[in-house]
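Chemist: Provided herewith is a single structure, encoded as structure tokens, for subsequent inquiry.
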Amino acid sequence: MYKLSLENTLKSFIQCESITPNAKQALDFVEEILCESDFYIKRLTFNSKNTYPVDNLYASFGKGSPHLCFAGHVDVVPYGDISQWSYLPFGGETKNGRIYGRGAEDMKGSIIAWIFAMLEHIKDKKNFKGTISILLTGDEEGLAINGTSKVLEWLKNNNINIDSCIVGEPTNVKALGDTIKVGRRGSLSCELKVNGEQGHVAYPDKASNPIPVLIKLLDKLINTPIDSGNDNFIASNLEVTSIDIGNEAMNIIPSEARAVFNIRYNNLWDEASLFSWLNEKLKDVSLDSFKDINWNLIIKSSANSFLTKEGKFSSLILDSIFKITGLKANISTDGGTSDARFISQYCSVVEFGLVGRTMHQVDENISLDELKQLQSIYQHSIANYFENF
Numbered sequence: 002m003y004k005l006s007l008e009n010t011l012k013s014f015i016q017c018e019s020i021t022p023n024a025k026q027a028l029d030f031v032e033e034i035l036c037e038s039d040f041y042i043k044r045l046t047f048n049s050k051n052t053y054p055v056d057n058l059y060a061s062f063g064k065g066s067p068h069l070c071f072a073g074h075v076d077v078v079p080y081g082d083i084s085q086w087s088y089l090p091f092g093g094e095t096k097n098g099r100i101y102g103r104g105a106e107d108m109k110g111s112i113i114a115w116i117f118a119m120l121e122h123i124k125d126k127k128n129f130k131g132t133i134s135i136l137l138t139g140d141e142e143g144l145a146i147n148g149t150s151k152v153l154e155w156l157k158n159n160n161i162n163i164d165s166c167i168v169g170e171p172t173n174v175k176a177l178g179d180t181i182k183v184g185r186r187g188s189l190s191c192e193l194k195v196n197g198e199q200g201h202v203a204y205p206d207k208a209s210n211p212i213p214v215l216i217k218l219l220d221k222l223i224n225t226p227i228d229s230g231n232d233n234f235i236a237s238n239l240e241v242t243s244i245d246i247g248n249e250a251m252n253i254i255p256s257e258a259r260a261v262f263n264i265r266y267n268n269l270w271d272e273a274s275l276f277s278w279l280n281e282k283l284k285d286v287s288l289d290s291f292k293d294i295n296w297n298l299i300i301k302s303s304a305n306s307f308l309t310k311e312g313k314f315s316s317l318i319l320d321s322i323f324k325i326t327g328l329k330a331n332i333s334t335d336g337g338t339s340d341a342r343f344i345s346q347y348c349s350v351v352e353f354g355l356v357g358r359t360m361h362q363v364d365e366n367i368s369l370d371e372l373k374q375l376q377s378i379y380q381h382s383i384a385n386y387f388e389n390f
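Each residue of the sequence shown is one higher than the one before, starting from 2 at the first, in our numbering.
The following block contains the structure:
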């Protein structure tokens, strides 16, 4: 059994600098812990064209079904201006019952809580039935191409089937146990480019200004509701994130204007249907008064929505949360995308981790009491799972 305390283990884990995709040191740390308890461990490095290589880890104990997996990421976002930090970003310093460092909340804390819960569950079980595992990637905060999705493909190709999965993202809003996530909105980023004809501002009749056209097209998209949501998701929402002209001269009408926007969409849509809706709305805009103008819409990036239907697995997690915290957790689908979108294609998935107070912020930190509570919730969930599945 691993000897260090929960606090000191997390401190050492935070000290493993793992800005995307530099995951080796952090994954080596996890591997060393699990090796002591006879886990099957597989390190998987994936690469593909126009990406970077990513180190991943899959570790399991036991065999067969039921198979409960925890999925997470050891990579963290950059810490920014170090002079703004009160504590070293990779110091893992503790003060007033809180531990500080990049990744403490998102999501090294929940990884360590799961590992401790998992080791505690199996320590006296010589005849453990089923499989308990952990899947960790070094690329969730980045491109997310050579990480979780490819590990899942590898598992499938090697006839390793996961029945249920917990993802340790910081789901809670104000208190540990107030929120689980059973789905996520999709994300579609598009670039809208309008081409005109360059000319002198004093002779607009000899040019075609793309800017008024871009404004008119964006106005149509911004002021047309996409939908009104449903029982599981809020209404889909479009936000313009960038408008670029690339024209520093004050007396030239530019030849091109571009805008980038992102839509967070619910499960009423997928990439194809939403892209079709966008083109339909843009084509509705009358441009008869503009000469020699054309526009083009392209997809820059996309991630589909998903929803895990309420059932035995989500109820089990909710029950464990209530037993430990006394809270009846809200069931949510809001927030950004996560690797749960890949996992949902293979098995039931629920996201539950720490409180998302300071993730990606200066002086990211977590409560050590909440970390211990999270371990207890995970431990109760594991025991419940293998008793009832």
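Backbone N, C-alpha and C define an ideal beta-carbon position, used for all residues, glycine too.
1) Give the DSSP-derived three-state secondary structure of V350 in the structure shown.
2) List the residues that DSSP assigns as beta-bridge partners of G63.
3) Short of 7 angstroms in beta carbon distance, which residues of its chain neighbour R342, apart from the five on each side in sequence? Order them along the chain.
4) Just tell me which of I167, N210, P226, F291 has its CA closest to the CA of N252.
5) Would you report the Cα separation of I258 and P226, rounded to the nearest angstrom?
6) Which stretch, first to last residue, makes up the alpha helix (DSSP H) that contains G110?
7) Would you call the segment 236-253 and the segment 284-302 touching, i.e. three or more CB-CB distances under 8 angstroms?
8) Is the segment 356-364 touching the segment 165-177 in the sense that three or more CB pairs, one from each, lie closer than 8 angstroms?
9) Report the option in E388, P67, D232, I135 whose CA atom is closest to the CA atom of S61.
10) Starting from the C-beta of L45, find all residues in its chain whose C-beta is less than 7 angstroms away, skip the five residues before and the five after it, and write them out in chain order.
11) In the DSSP assignment, the alpha helix (DSSP H) including V31 goes from what residue to what residue?
12) Under 8 angstroms: do the segment 322-334 and the segment 201-218 share three or more Cβ pairs, one atom per stretch?
13) Between G139 and Y80, what straight-line distance do the alpha-carbon atoms span, to the nearest angstrom?
14) Against chain B, does V363 count as a neighbour if the rule is that its beta carbon must be under 7 angstroms from one of theirs?
15) Mapping the DSSP letters down to three states, classify H1 as helix, strand or coil.
16) Since Y406 sits in a beta bridge, which residues does DSSP pair it with?
17) If L269 sits next to N231, beta carbons under 8 angstroms apart, how far is it from one beta carbon to the other, in whole angstroms?
18) Relative to the C-alpha of W278, which residue among E94, K310, L222, K301 is closest?
19) Which word fits Y386, buried or exposed, when buried means at least 16 other C-beta atoms lie within 10 angstroms of its C-beta?
20) Which one or two residues does DSSP pair with Y41 in a beta bridge?
21) If you draw a straight line from the C-alpha of D335 to the C-alpha of V350, how long is it?
22) Please classify A208: does DSSP put it in a helix, a strand, or coil?
23) Assign Y101 to one of three DSSP states: helix, strand, or coil.
24) Would you mind sorting H201 into buried or exposed? The rule is 16 or more other CB atoms within 10 Å of its CB.
25) Under 7 angstroms, do I113 and F14 count as touching if we go by C-beta distance?
26) So, are the CB atoms of G63 and F129 less than 7 angstroms apart?
27) Can you tell me where the beta strand (DSSP E) holding I240 begins and where it ends?
28) Leaving out five residues on either side along the sequence, give the residues of the same chain with a beta carbon under 6 angstroms from the beta carbon of F71.
29) I need the straight-line Cα distance from A145 to L298, nearest angstrom please.
30) In three-state DSSP terms, what is T225?
31) Using alpha carbons as the reference points, say which of P255, E192, K175, A176 lies closest to Y204.
32) Suppose you measure from the CA of K4 to the CA of L193; what does that come to, to the nearest Å?
33) Taking buried to mean at least 16 other C-beta atoms within 10 Å of its own C-beta, is C17 buried or exposed?
34) Restricting to Cα atoms, I'd like to know which of K12, I161, A260 is closest to I300.
35) Taking I367 as the reference, give the member of E388, M108, E37 with the closest Cα.
36) Rounded to the nearest angstrom, what separates C36 and L69 at their Cα positions?
Modeler: Answer, in terms of the structure:
1) strand
2) T132
3) R185, A304, N305, F307
4) N210
5) It is worth fixing the name first, because residue 258 is Ala in this sequence and not Ile. C-alpha separation (whole angstroms): 24 angstroms.
6) 110-123
7) Touching, no.
8) yes
9) Of the residues E388, P67, D232, I135, the one whose Cα lies closest to the Cα of S61 is I135.
10) Cβ contact annotation for L45 (same chain, cutoff 7 angstroms, sequence separation greater than five): N57, Y59, V152, W155, in chain order.
11) 25-36
12) no
13) 16 angstroms
14) Absence of chain B from the displayed structure is noted, only one protein chain being present.
15) Beyond the ends of the chain as shown, which are 2 and 390, falls residue 1; an answer cannot be given.
16) Here the chain comprises residues numbered 2 to 390, so residue 406 is not present and cannot be evaluated.
17) 6 angstroms
18) L222
19) So Y386 counts as buried.
20) S61
21) Take the alpha-carbon of D335 and the one of V350: they are about 15 angstroms apart.
22) A208: coil per DSSP, three-state reduction.
23) strand
24) exposed
25) Yes, the pair counts as a contact, with Cβ atoms nearer than the cut-off.
26) yes
27) Residue 240 is actually Glu in this sequence, not Ile. Per DSSP, E240 belongs to the beta strand (DSSP E) from 238-245.
28) Cβ neighbours of F71 beyond the five flanking positions: W115, I135, I167.
29) 24 angstroms
30) Note: T225 maps to coil in three-state DSSP.
31) P255
32) 56 angstroms
33) buried
34) A260
35) M108
36) 19 angstroms
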